[in-house]
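J.: Sequential numbering from 1 applies to the sequence shown in UniProt numbering.
The beta carbon of each residue, even a glycine, is placed where N, CA and C say it ideally should be.
Have a look at the structure that comes next, please.
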Amino acid sequence: MATAADKDHGTVQLLKGQKALVTGANSGIGPATAVALGRAGADVVVNYVVGADEAEKVVAQIKDFGVRAYAHEADVSDEDQVVAMVARMVEEFGTIDIMVANAGLQRDANVTEMTLAQWQKVIDVNLTGQFLCAREAAKEFIRRGVVEEVSRSAGKIVCMSSVHQIIPWSGHVNYASSKGGVGMMMQTLAQELAPHRIRVNAIAPGAIRTPINRDAWSTPEAEADLLRLIPYRRVGDPDDIANAVVAVASDLLDYVVGTTLYVDGGMTLFPGFATGG
Ligand code: NAD
Numbered sequence: 001m002a003t004a005a006d007k008d009h010g011t012v013q014l015l016k017g018q019k020a021l022v023t024g025a026n027s028g029i030g031p032a033t034a035v036a037l038g039r040a041g042a043d044v045v046v047n048y049v050v051g052a053d054e055a056e057k058v059v060a061q062i063k064d065f066g067v068r069a070y071a072h073e074a075d076v077s078d079e080d081q082v083v084a085m086v087a088r089m090v091e092e093f094g095t096i097d098i099m100v101a102n103a104g105l106q107r108d109a110n111v112t113e114m115t116l117a118q119w120q121k122v123i124d125v126n127l128t129g130q131f132l133c134a135r136e137a138a139k140e141f142i143r144r145g146v147v148e149e150v151s152r153s154a155g156k157i158v159c160m161s162s163v164h165q166i167i168p169w170s171g172h173v174n175y176a177s178s179k180g181g182v183g184m185m186m187q188t189l190a191q192e193l194a195p196h197r198i199r200v201n202a203i204a205p206g207a208i209r210t211p212i213n214r215d216a217w218s219t220p221e222a223e224a225d226l227l228r229l230i231p232y233r234r235v236g237d238p239d240d241i242a243n244a245v246v247a248v249a250s251d252l253l254d255y256v257v258g259t260t261l262y263v264d265g266g267m268t269l270f271p272g273f274a275t276g277g
């Protein structure tokens, strides 16, 4: 039972004693998530592929909560590097309880201009990268099983998807396909792993203010255009997503299995139909 002393910045330590890994944790949604997990009491591995300085800043912020953290460089689309990353975590922290497969990127082009390299890069990082991270985490979850004092489940995998899991997106066929794939991968893994008491779920952000979509919010005109797509009429912040990850990874949502939680200010509510149709 959490006590008042466990509270920090108003967040009850829902994840006390758990070990979490966040990929792509040195820019945008990743750092906010890694910090929120630390604030909730988890030890955290901060994965990055470039930008060690930013990763170390995130580590320092997490350590301020009195939990352990370190940065680990790895390309999530490289099998050997993902295997080594999780192996090191098991060695240093003893195990893993929460895998947040967050790393992702865009390589935008209209289909007639899109190179195979652009297609492949996005699939490799956004889909294959999540598969590799989920697979390595699942092996350790199954090996260890449930430890009741830590969590009711044997482990949690949180896939960072997107509203483009279900909203088609012209000029971004590689990205939308990768996220559609993440949705089905998540459900299939959830079905396969649930008997092991492993919970696999996805968070699908709408428009969140990060470097990946700077063009969509960095000028007042662009932001006004974007807000037309958001019934709640605000662009999301990385903390909106970080809080959702903490909730879905915690035992409060222990019966939530194979679900996509849309955190999008209503973007998936077909806003174009609000005044007609
Ligand atoms: P971001 O560009 O700020 O962060 C992406 C992170 O992934 C960076 O740290 C980057 O270095 C890392 N990364 C890229 N390739 C990698 C690789 N091969 N190995 C390891 N790390 C790698 O963007 P963000 O908005 O924070 O995106 C995070 C996730 O959220 C992505 O999966 C993205 O698709 C998803 N998402 C974002 C939004 C949004 O509006 N920002 C909306 C929907 C979904």
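Let me check you understand the geometry: is the CB of Ala207 closer than 7 Å to at least one non-hydrogen atom of the ligand NAD?
T.: As a position in the sequence shown, residue 207 is number 207, starting the count at 1. Under cutoff, so the answer is yes.
J.: Would Asp264 and Val163 be called neighbours here (beta carbons separated by less than 8 Å)?
T.: Counting from one through the sequence shown, the residue named residue 264 turns up at place 264. Counting from one through the sequence shown, the residue named residue 163 turns up at place 163. Contact flag set, yes.
J.: Determine whether the beta carbon atoms of Ala42 and Ala20 lie at a separation below 8 Å.
T.: For this step, residue 42 is matched to residue 42 along the sequence shown. For this step, residue 20 is matched to residue 20 along the sequence shown. Yes, they are a contact pair.
J.: Does any heavy atom of the ligand NAD sit closer than 7 Å to the C-beta of Ile62?
T.: Working through the sequence shown from its first residue, we reach residue 62 at position 62. Not under cutoff, so the answer is no.
J.: Which one or two residues does DSSP pair with His72 in a beta bridge?
T.: Residue numbering aside, residue 72 sits at position 72 when the sequence shown is read from its first letter. Answer by DSSP bridge pairing, in chain order: Asn47.
J.: Among Val58, Phe141, Gly129, which has the Cα closest to the Cα of Ser178?
T.: Numbered from its first residue, the sequence shown carries residue 178 at position 178. Of Val58, Phe141, Gly129, the residue nearest in Cα terms is Gly129.
J.: With respect to 7 Å, is the separation between the Cβ of Gly183 and the closest non-hydrogen atom of the ligand NAD below this value?
T.: If you number the sequence shown from 1, residue 183 lands on position 183. Answer for Gly183: no, Cβ out of range of the ligand NAD.
J.: Alpha carbon to alpha carbon, how far is Thr115 from Gly17?
T.: Taking the sequence shown and counting its residues from 1, the one referred to as residue 115 is at position 115. Taking the sequence shown and counting its residues from 1, the one referred to as residue 17 is at position 17. Taking the straight line joining both Cα atoms gives about 45 Å.
J.: How is Val200 classed by DSSP in three states: helix, strand or coil?
T.: Here residue 200 corresponds to residue number 200 of the sequence shown, with the count starting at 1. Reduced to three states, the DSSP call for Val200 is strand.
J.: Count the C-beta pairs between the stretch 53-70 and the stretch 135-145 that are closer than 8 Å, then say yes if the count reaches three, no if not.
T.: At 8 Å Cβ cutoff, the stretches do not touch.
J.: Please state whether DSSP places Met160 in a helix, a strand or coil.
T.: Taking the first residue of the sequence shown as 1, we reach residue 160 at position 160. Met160 falls in the strand class under three-state DSSP.
J.: Please name the residue, chosen from Ala117, Gly24, Ser77, that lies closest to Ala71 on a Cα-to-Cα basis.
T.: Locating residue 71 in the sequence shown gives position 71, where the first residue counts as 1. Of Ala117, Gly24, Ser77, the residue nearest in Cα terms is Gly24.
J.: Could I get the ranges of all uninterrupted beta strand (DSSP E) runs contained in the stretch 167-243, with 3 residues as the minimum, in chain order?
T.: Here the runs fully enclosed are 198-205.
J.: Looking at Pro211 and the ligand NAD, is the gap between the Cβ and the nearest heavy atom below 7 Å?
T.: Residue 211 sits at position 211 when you count from the first residue of the sequence shown. Yes, the ligand NAD has a heavy atom inside 7 Å of this Cβ.
J.: Whole-angstrom Cβ separation of Thr260 and Ala204, contact assumed at under 8 Å?
T.: Counting from 1 along the sequence shown, the entry for residue 260 is found at position 260. Counting from 1 along the sequence shown, the entry for residue 204 is found at position 204. Confirmed, Cβ separation roughly 5 Å.
J.: Which residues share a DSSP beta bridge with Tyr262?
T.: On the sequence shown, residue 262 is found 262 positions in, with the first residue counted as 1. Per DSSP, Ala204.
J.: List the endpoints of the continuous beta strand (DSSP E) containing Lys19.
T.: Counting from 1 along the sequence shown, the entry for residue 19 is found at position 19. Lys19 -> beta strand (DSSP E) spans 19-22.
J.: For Ile123, which residues in the same chain have their Cβ closer than 6 Å to its Cβ, ignoring the five residues on either side in sequence?
T.: If you number the sequence shown from 1, residue 123 lands on position 123. Contacts found: Ser178.
J.: Contact defined as beta carbons within less than 8 Å: I believe Ala202 pairs with Met186. What is the distance between those atoms, to the nearest angstrom?
T.: If you number the sequence shown from 1, residue 202 lands on position 202. If you number the sequence shown from 1, residue 186 lands on position 186. Contact holds; Cβ gap of about 5 Å.
J.: Taking buried to mean at least 16 other C-beta atoms within 10 Å of its own C-beta, is Val82 buried or exposed?
T.: Along the sequence shown, read from residue 1 onward, the residue named residue 82 stands at position 82. Answer is buried; the Cβ neighbour count reaches 16.
J.: Less than 7 Å between C-beta atoms, sequence neighbours within five positions excluded: which residues of the same chain meet that for Arg197?
T.: Taking the first residue of the sequence shown as position 1, residue 197 is located at position 197. Taken in chain order, the residues that qualify are Val146, Ser153, Ala154.
J.: Compute the distance between the beta-carbons of Pro31 and Val58, then report whether it is under 8 Å.
T.: Mapped onto the sequence shown, residue 31 falls at position 31. Mapped onto the sequence shown, residue 58 falls at position 58. Against a cut-off of 8 Å, the Cβ pair of Val58 and Pro31 comes out as a contact.
J.: When you compare only the Cα positions, how much space is there between Asp6 and Phe273?
T.: Taking the sequence shown and counting its residues from 1, the one referred to as residue 6 is at position 6. Taking the sequence shown and counting its residues from 1, the one referred to as residue 273 is at position 273. Unreliable placement is indicated for Asp6, whose pLDDT of 48 sits below 50; the coordinate value is still reported in the next sentence. Going from the Cα of Asp6 to the Cα of Phe273 covers about 45 Å.
J.: Taking the Cβ atom as the reference point for each residue, do Gly181 and Leu127 lie within a distance shorter than 8 Å?
T.: The residue labelled residue 181 in the question sits at position 181 within the sequence shown. The residue labelled residue 127 in the question sits at position 127 within the sequence shown. Contact flag set, yes.
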